[in-house]
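Written out below as structure tokens is the structure these notes cover.
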Amino acid sequence: MSADVSREKFKASLTRRGLRITSQRLAIFAAAFARKEHFTAESLLKHAKAIDASVSRATVYRTLPLMTESQVLREVDIGSGEKFYLPATDMNTQVAQVICVDCHRIFEISAPFMEWYGSTVSLKLGLKPISQRLQVSAQCSAFRQQGRCPNHEGK
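Mapping to this note's numbering: the sequence shown position 22 is 1509, numbers consecutive.
Below, the structure written as structure tokens:
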């Protein structure tokens, strides 16, 4: 799904809910869709403020659920207590996530087997799958050799 299609989908979702399409919400949307890697609410706030200085932390935290519920963003929970987000595209529906245990960077790889696997195990139990995820925690080679990941924020 392109950013233009996603923007229209998000605006339609806001309208259906009776919510206004504000410049702040559109700045948050633009900042999210400019990201190429997973991001947190705090990093999104920084980028959204660069687009529109009036964007507040509260608006970001209220807008993220609206974006995930309208299915223009995917929320990723890696068990660190902090949620990560990534724009939803048609190309990232069946992915496995590999997470660096030092810097929490999330790598996504295509995993087309997941649809088959989810259906197979669910059908054995007489259930219908509605969602699934595969996450692998890993250490990069630099972490194993040097005890620190080069992508760690505290470089």
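The beta-carbon is built from N, C-alpha and C at its ideal position, and this holds for glycine as well.
Owing to the predicted nature of the structure, the values given are computational and were not obtained by experimental measurement.
Original post:
If we count Cβ pairs, one from each stretch, closer than 8 angstroms, do we get three or more for the segment 1595-1606 versus the segment 1539-1556?
Top reply: no
Original post:
Is the segment 1524-1542 touching the segment 1555-1574, taking contact as three or more C-beta pairs under 8 angstroms?
Top reply: yes
Original post:
G1641 to R1635, Cα distance in whole Å?
Top reply: Counted from its first residue, the sequence shown places residue 1641 at position 154. Counted from its first residue, the sequence shown places residue 1635 at position 148. Because G1641 sits at a pLDDT of 47, beneath the cut-off of 50, its placement in the model cannot be relied upon, and the following sentence gives the value as read from the coordinates. The straight-line gap from Cα to Cα measures roughly 10 angstroms.
Original post:
Any idea what DSSP makes of I1565, helix, strand or coil?
Top reply: In the sequence shown, counting from the first residue as 1, residue 1565 sits at position 78. In the structure shown, I1565 sits in coil (DSSP, three-state: anything other than H, G, I, E or B).
**OP:** For T1504, count neighbouring C-beta atoms within 10 Å of its own C-beta (all shown protein chains included) and say buried if the count is 16 or more, exposed if not.
**Re:** If you number the sequence shown from 1, residue 1504 lands on position 17. According to the sequence provided, residue 1504 is Arg. The question's Thr does not apply to it. Label assigned to R1504: exposed.
Subject >> Extent of the continuous alpha helix (DSSP H) to which E1524 belongs >> reply: Your numbering for residue 1524 matches position 37 in the sequence shown. E1524 -> no alpha helix (DSSP H), and no H or E assigned at all.
Subject >> Close beta carbons around T1527, own chain, < 8 angstroms, minus the five adjacent residues each side >> reply: Translated into positions along the sequence shown, residue 1527 becomes position 40. Taken in chain order, the residues that qualify are E1569, K1570, F1571, Y1572.
Original post:
Taking just the CA atoms, how far does G1613 sit from I1515?
Top reply: Locating residue 1515 in the sequence shown gives position 28, counting from the first residue. Locating residue 1613 in the sequence shown gives position 126, counting from the first residue. Each residue's alpha carbon lies about 41 angstroms from the other.
Subject >> Per-residue burial, D1589 [other beta carbons within 10 Å of its own, 16 or more giving buried] >> reply: On the sequence shown, residue 1589 is found 102 positions in, with the first residue counted as 1. Its Cβ being crowded by 16 or more others within 10 Å, D1589 is buried.
Original post:
Is I1586 near A1625, with beta carbons less than 8 angstroms apart?
Top reply: As a working mapping, residue 1586 is identified with position 99 in the sequence shown. As a working mapping, residue 1625 is identified with position 138 in the sequence shown. Yes, the pair counts as a contact, with Cβ atoms nearer than the cut-off.
Original post:
Any idea which residues DSSP pairs F1594 with across the strands?
Top reply: Taking the sequence shown and counting its residues from 1, the one referred to as residue 1594 is at position 107. Answer by DSSP bridge pairing, in chain order: V1585.
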